[in-house]
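Here's the structure we're looking at; comments come further down.
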Amino acid sequence: MDVVGCVGLVDGTSEKCLTGVDDHSRFCGCAALMSAERTQKVCDAFSAALTRYGCPQQVLTDHGKVSTGRFNHPPTEVLFDAICRRNGIEPLLTKPRSPTTTGKIERFHRTLAPSSARARDDAVLEEDLRPPRDRAGRR
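Encoded structure:
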């Protein structure tokens, strides 16, 4: 599971996207779009994904503050860890600076980026083909 930034939307804005890939089936899911990566938003989206898709045995994340408090002084249980514990999910962390560990999700992010750019470009092209607006915003 990871958060990818700068997913372009049709209206020209960009959002961050909480994504996940099932290691067995290779199912790729987007749990939520958010303007900023915040603990509560990520955990709410993760909980919603668990409700929708069911609970995995394990979840692999990076060392972000949202997903672990193991390296705090003193170590603490963050909300994400608590959600995993309550649902019987074993949280796993990637090794630092090892992008091959998260290769499947990173590859999904590479696929997602051009798709969002294409959707944005198509919307701009569609807008360019419409008649111009008058001062009141009418066509």
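Numbered per UniProt numbering, the sequence shown spans residues 1 to 139. Note that the Cβ used here is the ideal one computed from N, Cα and C, for glycine as well.
DSSP has residue 60 in a bridge; who is on the other side?
Note: residue 60 sits in a beta bridge opposite 92.
Thinking just about the alpha-carbon of each residue, which of 6, 84, 101, 90 is nearest to the one in residue 44?
Residue 84 is the option with its Cα nearest to residue 44.
Going by other Cβ atoms of all chains shown within 10 Å of its Cβ, with 16 needed for buried, is residue 100 buried or exposed?
Result: exposed.
How long is the line joining the alpha carbons of residue 88 and residue 51, rounded to whole angstroms?
Looking at the two C-alpha atoms, the distance is approximately 14 Å.
Distance check for residue 61 and residue 3, CA to CA, integer angstroms please.
Near 10 Å, if we compare the C-alpha coordinates of residue 61 and residue 3.
Since residue 41 sits in a beta bridge, which residues does DSSP pair it with?
Paired residues: none, contrary to the question.
What distance in whole Å lies between the Cβ atoms of residue 90 and residue 66, which are believed to be in contact at a cut-off of 8 Å?
About 17 Å; that fails the 8 Å criterion.
Using the C-alpha atoms, what's the distance from residue 11 back to residue 95?
The straight-line gap from Cα to Cα measures roughly 37 Å.
Buried or exposed: residue 109, going by 16 or more other Cβ atoms within 10 Å of its Cβ?
Residue 109 should be labelled buried.
Which residues in the same chain have their Cβ closer than 6 Å to the Cβ of residue 30, if we skip the five residues on either side of it in sequence?
Within the same chain, residue 30 has close Cβ partners 17, 19.
Going straight from the alpha carbon of residue 9 to that of residue 28, what length do you get?
Using only the alpha carbons, I get a separation of about 19 Å.
Once DSSP output is grouped into helix, strand and coil, what is the label at residue 36?
If DSSP states are grouped into helix, strand and coil, residue 36 belongs with coil.
Would you call residue 128 buried or exposed, if buried means 16 or more other Cβ atoms sit within 10 Å of its Cβ?
Its pLDDT being 44, under 50, residue 128 is placed unreliably in this model, and the coordinates cannot settle the point.
Classify residue 49 as buried or exposed, calling it buried when 16 or more other Cβ atoms lie within 10 Å of its own Cβ.
It counts as buried.
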